[in-house]
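Shown next, in structure tokens, is the structure this report addresses.
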Amino acid sequence: MKLILFNIMSLFMTTHIPLEFLGKHINELPNVNTIYEGGICIVNRSDEYLGKPYENLYILTNNERIVQSFSIYIDEIINQSFYDRMVKEYGKPDFMYKKIETGFIKSEIVKNGLFETVPTKAFKMVDCEFNESPLVFTWYKEQYDIQVIIGDRNDTFTKTRIIFGDVPIKKEMNK
0 MKLILFNIMS LFMTTHIPLE FLGKHINELP NVNTIYEGGI CIVNRSDEYL GKPYENLYIL
60 TNNERIVQSF SIYIDEIINQ SFYDRMVKEY GKPDFMYKKI ETGFIKSEIV KNGLFETVPT
120 KAFKMVDCEF NESPLVFTWY KEQYDIQVII GDRNDTFTKT RIIFGDVPIK KEMNK
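Heads up: the sequence shown at position 120 corresponds to 119 in numbering that gives the first Met the number 0, and the numbers run straight through without jumps.
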């Protein structure tokens, strides 16, 4: 898959996520800057989504350069108030998961040319409510899906990613 950065400042001055371009060839989108394969480029472009600021709109395409999804990053872990605004806009999510530690697994790593076995925490995803600190929640809509992936306050990723279109974590994956 190829990551594309979409600079929509001149065309879409509102909080509009251009969902009408899902499933279309990337060349149909105006003002698109192609990013090198696998790379991410940051372009300063201030906008808001449901009252929260974000800087860029990312476009993910398949190998045929057909738009699969749009993503934005909010520079904070969302709170109950923002979640309530999303529920007001889209209804209750179809699923919501948090991760729980299930123990340790042994992982082998190579260190200084030697194999070393180290314990690694194992997790599983379980159903939850918003007040239980979810990792992900998703709406399955008729034309596209919406997925929210929330960073961890105890980790280096303390942002919230919102994806519109083909989402990476499916409900079926957790069964």
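We put the beta carbon where it would ideally sit given N, CA and C, even for glycine.
In or out: residue i buried (at least 16 other Cβ within 10 Å) or exposed?
i: I16; result: buried
i: Q146; result: buried
i: K97; result: buried
i: N55; result: buried
i: P92; result: buried
i: T159; result: buried
i: V166; result: buried
i: P133; result: buried
i: I77; result: buried
Using alpha carbons as the reference points, say which of the options lies closest to residue i.
i: K51; options: I161, Y89 and D151; result: I161
i: I65; options: D83, S106 and N26; result: N26
i: E75; options: K169, D165, D151 and P167; result: D151
i: S70; options: T101, Y53, I77 and P118; result: Y53
i: T157; options: I73, K87 and Y57; result: I73
Please go through the same chain and pick out, in chain order, the residues whose beta-carbon is closer than 7 Å to the beta-carbon of residue i, but skip the five residues on each side of it.
i: F81; result: L49 and K51
i: L21; result: V66, Y143 and G164
i: V125; result: Y96, K97 and I99
i: I108; result: E115 and V117
Rounded to whole angstroms, how far is the Cβ of residue i from the Cβ of residue j, which I believe are closer than 8 Å?
i: F129; j: L18; result: Actually they are not in contact, since the Cβ atoms of F129 and L18 sit about 24 Å apart, beyond 8 Å.
i: T101; j: K123; result: 5 Å
With a threshold of 8 Å on Cβ separation, who are the neighbours of residue i within its own chain once the five nearest residues in sequence on each side are excluded?
i: G90; result: W138
i: P118; result: F103, I104, K105 and S106
i: E88; result: L49
Considering only residues of the same chain and omitting the five flanking positions on each side of residue i, which have a CB-CB separation below 6 Å?
i: G37; result: In this prediction, G37 scores a pLDDT of 45, lower than 50, which makes its location untrustworthy; the coordinate-derived value is nonetheless stated afterwards. For G37, where only same-chain residues beyond five positions count, there are no Cβ hits under 6 Å.
i: D83; result: none
i: I168; result: V135
- Could you tell me whether the stretch 48-66 touches the stretch 130-148, using the rule of 3 or more Cβ pairs below 8 Å? no
- Query: Using 8 Å as the Cβ pair cut-off and three pairs as the minimum, do the stretch 133-144 and the stretch 95-109 touch?
  - Reply: yes
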